[in-house]
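Visitor:
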Amino acid sequence: GAVVSQHPSWVICKSGTSVKIECRSLDFQATTMFWYRQFPKQSLMLMATSNEGSKATYEQGVEKDKFLINHASLTLSTLTVTSAHPEDSSFYICSALDRWTVFGNGTRLTVT
Amino acid sequence: GENVEQHPSTLSVQEGDSAVIKCTYSDSASNYFPWYKQELGKRPQLIIDIRSNVGEKKDQRIAVTLNKTAKHFSLHITETQPEDSAVYFCAASTGVGGSYIPTFGRGTSLIVHP
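For the protein sequence lines, the chains are A and B, in the order given.
The working numbering numbers the first residue of the first sequence as 880 and each following residue consecutively.
The working numbering numbers the first residue of the second sequence as 255 and each following residue consecutively.
What follows is the structure, encoded as structure tokens:
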């Protein structure tokens, strides 16, 4: 079946640095990918919709200059958390749209 | 746009009991309703789904019902086991260009006590 690989699975970074998270569709082409943020024991919060070859569509309240999304190919979308702060610590999950939604493994980001 | 409400937010049951999670949706055009199970720190996994042309679907201890008129659908887990403990998300989707883009409910944390 369709597989989405998300990397890294966890990352610890210092406050003020930037972190890039990759989301790859391994055996299908995904023109649309989604990025979610999830706090402990809370729901998936859609951050943005990433469309190959065009600008991402951000949800209300999500800072596009802080959470940079690039979807340069049909199999790769990246999320860069710029100038990370401790409040950005969270679980970030991507999903790709085949016929159905396929989730990545998620990335646990801890900003110290 | 679509709005999905999910209840309860937490559900605590004894092993062997049944658990029911309910969702409502707002967009009558939604025609595909998947349910996901998410264990702590892991990706959501699709456990069962139902299309709008079906009223009920069952897979072993898990069943889903759909009432299109009332715009609600439910997940039923019978004979619950401790390994059923997880967060469950419902979603409502409308097919767009051959794909189904989901709107998720807020999730239900199910705790099964041994």
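We treat Cβ as the ideally placed atom computed from N, Cα and C, and that holds for glycine.
Keep in mind it's a predicted model, so treat the numbers as computed, not measured.
If you reduce the DSSP assignment to three classes, tell me which class P965 (chain A) lands in.
Guide: Within the first sequence, residue 965 (chain A) is the residue found at index 86, counting from 1. Looking at P965 (chain A) - three-state DSSP - the assignment turns out to be helix.
Visitor: Smallest Cα separation from V258 (chain B): which of B:D313, B:S328 and B:E310?
Guide: Numbered from its first residue, the second sequence carries residue 258 (chain B) at position 4. Of B:D313, B:S328 and B:E310, the residue nearest in Cα terms is B:S328.
Visitor: State the CB to CB distance for the pair Y290 (chain B) and Y342 (chain B), rounded to an integer number of angstroms; the pair is presumed to be in contact (CB under 8 Å).
Guide: As a working mapping, residue 290 (chain B) is identified with position 36 in the second sequence. As a working mapping, residue 342 (chain B) is identified with position 88 in the second sequence. So it is a contact: roughly 7 Å between Cβ atoms.
Visitor: In the DSSP output, what is N321 (chain B) paired with across the bridge?
Guide: Residue numbering aside, residue 321 (chain B) sits at position 67 when the second sequence is read from its first letter. DSSP lists B:H326 as partners of N321 (chain B).
Visitor: Check whether the Cβ of F343 (chain B) lies closer than 8 Å to any Cβ atom in chain A.
Guide: In the second sequence, residue 343 (chain B) corresponds to position 89, counting from 1. Yes, contact with chain A.
Visitor: Look at the alpha carbon of H964 (chain A) and the alpha carbon of R297 (chain B), and state the distance between them as a whole number of angstroms.
Guide: Position 85 of the first sequence, counted from the first residue, corresponds to residue 964 (chain A). Position 43 of the second sequence, counted from the first residue, corresponds to residue 297 (chain B). If I take the Cα positions, the gap works out to 24 Å.
Visitor: Suppose contacts are defined by Cβ-Cβ distances below 8 Å. Is M924 (chain A) in contact with Y915 (chain A) by that definition?
Guide: Walking along the first sequence from the start, residue 924 (chain A) turns up at place 45. Walking along the first sequence from the start, residue 915 (chain A) turns up at place 36. Yes, the Cβ-Cβ distance between M924 (chain A) and Y915 (chain A) is below 8 Å.
Visitor: Counting only beta-carbon atoms, is L905 (chain A) nearer than 8 Å to chain B?
Guide: Looking up residue 905 (chain A) in the first sequence gives position 26. No, its Cβ sits nowhere closer than 8 Å to a Cβ of chain B.
Visitor: For the stretch 351-364 of chain B, enumerate the residues whose C-beta is nearer than 8 Å to any C-beta of chain A, in chain order.
Guide: G352, S353, Y354, I355, P356, F358, G359, R360, G361 and S363
Visitor: Within this structure, are the beta carbons of A345 (chain B) and F358 (chain B) separated by less than 8 Å?
Guide: Here the question's residue 345 (chain B) lines up with position 91 in the second sequence. Here the question's residue 358 (chain B) lines up with position 104 in the second sequence. In contact: A345 (chain B) and F358 (chain B) (Cβ atoms closer than 8 Å).
Visitor: Can you have a look at V883 (chain A) and say buried or exposed, based on whether 16 or more other CB atoms are within 10 angstroms of its CB?
Guide: Here residue 883 (chain A) is taken as the residue at index 4 of the first sequence, counted from 1. So V883 (chain A) counts as buried.
Visitor: Under three-state DSSP, which class holds P298 (chain B)?
Guide: Counting from 1 along the second sequence, the entry for residue 298 (chain B) is found at position 44. In this structure, P298 (chain B) counts as coil in the three-state DSSP scheme.
Visitor: Restricting to Cα atoms, I'd like to know which of B:K322, B:T264, B:G270 and B:N321 is closest to E333 (chain B).
Guide: Numbered from its first residue, the second sequence carries residue 333 (chain B) at position 79. Ranking B:K322, B:T264, B:G270 and B:N321 by Cα distance to E333 (chain B) puts B:G270 first.
Visitor: So which residues on chain A does P298 (chain B) lean against when the C-beta distance must stay under 8 Å?
Guide: Here residue 298 (chain B) refers to the residue found at position 44 when the second sequence is read from its first residue. Per Cβ cutoff of 8 Å: L923, I972 and F982.
Visitor: Expressed to the nearest angstrom, what Euclidean distance is found between the alpha-carbon atoms of R978 (chain A) and S904 (chain A)?
Guide: Start at 1 with the first residue of the first sequence, and residue 978 (chain A) comes out as number 99. Start at 1 with the first residue of the first sequence, and residue 904 (chain A) comes out as number 25. If you draw a straight line from the Cα of R978 (chain A) to the Cα of S904 (chain A), it comes to about 13 Å.
Visitor: Within the same chain, show all residues whose beta-carbon is closer than 7 Å to that of Q335 (chain B), passing over the 5 residues directly before and after it, in chain order.
Guide: In the second sequence, counting from the first residue as 1, residue 335 (chain B) sits at position 81. Leaving aside the five residues that flank Q335 (chain B) on each side, the residues in its chain whose CB is nearer than 7 Å to its CB run, in chain order, E269 and V366.
Visitor: How many Å lie between Q917 (chain A) and Q292 (chain B) at the Cα?
Guide: For the purposes of this step, residue 917 (chain A) is taken as the residue at position 38 of the first sequence. For the purposes of this step, residue 292 (chain B) is taken as the residue at position 38 of the second sequence. Approximately 11 Å between the Cα atoms of the pair.
Visitor: Taking only the alpha-carbon atoms, compute the straight-line gap between V318 (chain B) and T896 (chain A) and give it to the nearest angstrom.
Guide: Walking along the second sequence from the start, residue 318 (chain B) turns up at place 64. Walking along the first sequence from the start, residue 896 (chain A) turns up at place 17. Between V318 (chain B) and T896 (chain A), the C-alpha separation is close to 45 Å.
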